[in-house]
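Working notes, structure below.
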Amino acid sequence: MTFLLQLELKTRPPYSFQHSIRRLLNHHSEFEYREDVLYRAMRLWGRPLLIAVSWKEDDPLTLSVQVKGAKEADQEKIKRRLRHIFSLDRDLTPFYRIVALDSKLAKVIEQRKGLRPVLDPSLYECLIKTIIGQQINVSFAATLIQRLTTLAGDKVTWDGKEYLVFPDPEQVAKLDYSTLQQMQFNRRKAEYIIDISRQIVNGKIDLEQLYELEDEAAIEELVKIRGVGRWTAECLLLFGLGRRDLLPAADIGLRNAIRFIYQLDHQPTEQEVRAMGQKWAPWRSDATFYLWDALTYPPILNNSRPI
DNA sequence: TACCAGGATATGG
DNA sequence: CCATATCATGGT
1 MTFLLQLELK
11 TRPPYSFQHS
21 IRRLLNHHSE
31 FEYREDVLYR
41 AMRLWGRPLL
51 IAVSWKEDDP
61 LTLSVQVKGA
71 KEADQEKIKR
81 RLRHIFSLDR
91 DLTPFYRIVA
101 LDSKLAKVIE
111 QRKGLRPVLD
121 PSLYECLIKT
131 IIGQQINVSF
141 AATLIQRLTT
151 LAGDKVTWDG
161 KEYLVFPDPE
171 QVAKLDYSTL
181 QQMQFNRRKA
191 EYIIDISRQI
201 VNGKIDLEQL
211 YELEDEAAIE
221 ELVKIRGVGR
231 WTAECLLLFG
241 LGRRDLLPAA
251 DIGLRNAIRF
261 IYQLDHQPTE
271 QEVRAMGQKW
281 APWRSDATFY
291 LWDALTYPPI
301 LNNSRPI
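Written out as structure tokens, the structure reads:
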């Protein structure tokens, strides 16, 4: 008999559920949105769960969440994790204040007010998905993520419908490199993913300790891992830990977004992006999210021209 | 067809 | 320390 948990999660303005989930529905096949309900299967503390999130226009600061498969004793833990995943305790107002004088970025924000990042359910899932996403386009990355999930993960069923659950390290550790290669992962990427999973299983890598570290210290730890460079480490701090002052300045998407938003005649270099980003501190993660969102959904600009 | 994708590593100078 | 080749395929 599975326990059905019903939660009401409240937040403060500015918040827009619709802006926050928009990108999930495009790139992330692990989310499903039907009849105004967002479904997502995830493994928390070893148990595959299904969450169903609904949102109502007449109460835009409350998320109603049903959780299937949870233990009643885990209720508070799950609640805290869901607040983290949906960034419900992230106050955007100081970020909005400091970019108010930056007319170009202010326009980006105006068009997606209340956008907050939706984080990954676990650091492990975030790390593996980020590695898969290295260098390839997001649509191909989503395909590979779905293949890995189908191959190695579990399924949960709710109302007769199946949902895929991203695998845990134990499940990926059992795979062979050649299996992933057959699914169009390149050889090295297959090694990174499986080796990291095995090192987590045998205790040589402990991602949970990263919660205790400052940003730079966490990045230093992460880049020791084969397959993890600075970009991947920064993405883990952004989408896994939910840290607020990361700027992946070498990121090609971020650089393209900045070129477009600021109408530059060339793609800015990593150093130029870093220099620009100084003025967004200590909320550079928020700037990054908004610029990435603007890359996926280009805003209407005056005097805009195609790149 | 060529080139770029929300990179990382191995190798050679 | 910097430059280049390599990866493996989808999108344009």
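In this text, residue positions in the first sequence follow my numbering: the first is 1, and each later residue adds one.
A virtual CB, placed ideally from N, CA and C, is assigned to each residue, including glycine.
For clarity, every value in this text was computed on a predicted model and none was experimentally measured.
- The Cβ neighbour count for residue 293, taken over all protein chains shown within 10 Å, is at least 16; the residue is labelled buried.
- Counting only the Cα atoms, residue 268 lies some 8 Å from residue 258.
- Contact annotation: residue 154 and residue 167 have beta-carbon atoms nearer than 9 Å.
- Excluding sequence positions up to five before and after residue 211, its CB lies within less than 8 Å of the CB of 241, all in the same chain and listed in chain order.
- Under the three-state reduction of DSSP output, residue 162 falls in the strand class.
- Below 8 Å, enough C-beta pairs join the stretch 110–119 and the stretch 279–297 to call them touching: three or more.
- Secondary structure of residue 224 (DSSP, three-state): coil.
- Every alpha helix (DSSP H) of 4 residues or more that sits fully in the stretch 50–104 is shown, in chain order, as 75–85, 93–99.
- The residues 261, 262, in chain order, have a CB closer than 7 Å to that of residue 104 in the same chain once the five nearest residues on each side in sequence are set aside.
- Taking all protein chains in view, the Cβ of residue 77 is surrounded by fewer than 16 other Cβ atoms within 10 Å, so the residue is classified as exposed.
- It is roughly 29 Å from the alpha-carbon of residue 74 to the alpha-carbon of residue 215.
- Judged by DSSP secondary structure, residue 144 falls within the alpha helix (DSSP H) whose first and last residues are 138–152.
- In terms of Cβ geometry, residue 56 and residue 64 form a close pair [threshold 9 Å].
- With contacts defined as CB atoms closer than 9 Å, residue 25 and residue 39 fail to qualify as a contacting pair.
- Remark: three or more beta-carbon pairs, one from each stretch, lie closer than 8 Å, so the stretch 224–236 and the stretch 121–133 are flagged as touching.
- In the DSSP assignment, residue 274 falls outside any beta strand (DSSP E) and within the unbroken alpha helix (DSSP H) covering 270–277.
- Annotation for residue 44: the continuous beta strand (DSSP E) segment containing it runs 37–44.
- The DSSP-derived three-state label of residue 172 is helix.
- By the Cβ criterion, the stretch 11–20 is in contact with the stretch 84–95, since at least three pairs of Cβ atoms, one from each stretch, lie closer than 8 Å.
- DSSP places residue 156 in the strand class (E or B) of the three-state scheme.
- Around the beta-carbon of residue 149, 16 or more other beta-carbon atoms lie within 10 Å, marking it buried.
- Annotation for residue 129: no beta strand (DSSP E) segment contains it, though the alpha helix (DSSP H) segment containing it runs 123–132.
- Taking 4 residues as the minimum length, the alpha helix (DSSP H) runs contained wholly in the stretch 2–30 are 17–27, in order along the chain.
- Here the C-alpha atom of residue 142 lies approximately 10 Å from the C-alpha atom of residue 136.
- The beta carbon of residue 236 sits closer than 7 Å to those of 123, 126, 127, 130, 222, all from its chain and outside the five residues before and after it, given in chain order.
- In the same chain as residue 87, and ignoring 5 residues on each side of it, the C-beta atoms closer than 8 Å to its own belong to 20, 116, 117, 118, 119, 242, in chain order.
- For residue 32, the pairing in a beta bridge is given by DSSP as 39.
- When DSSP states are grouped into helix, strand and coil, residue 198 belongs to the helix group.
- Annotation: residue 98 to residue 231 spans about 25 Å, alpha carbon to alpha carbon.
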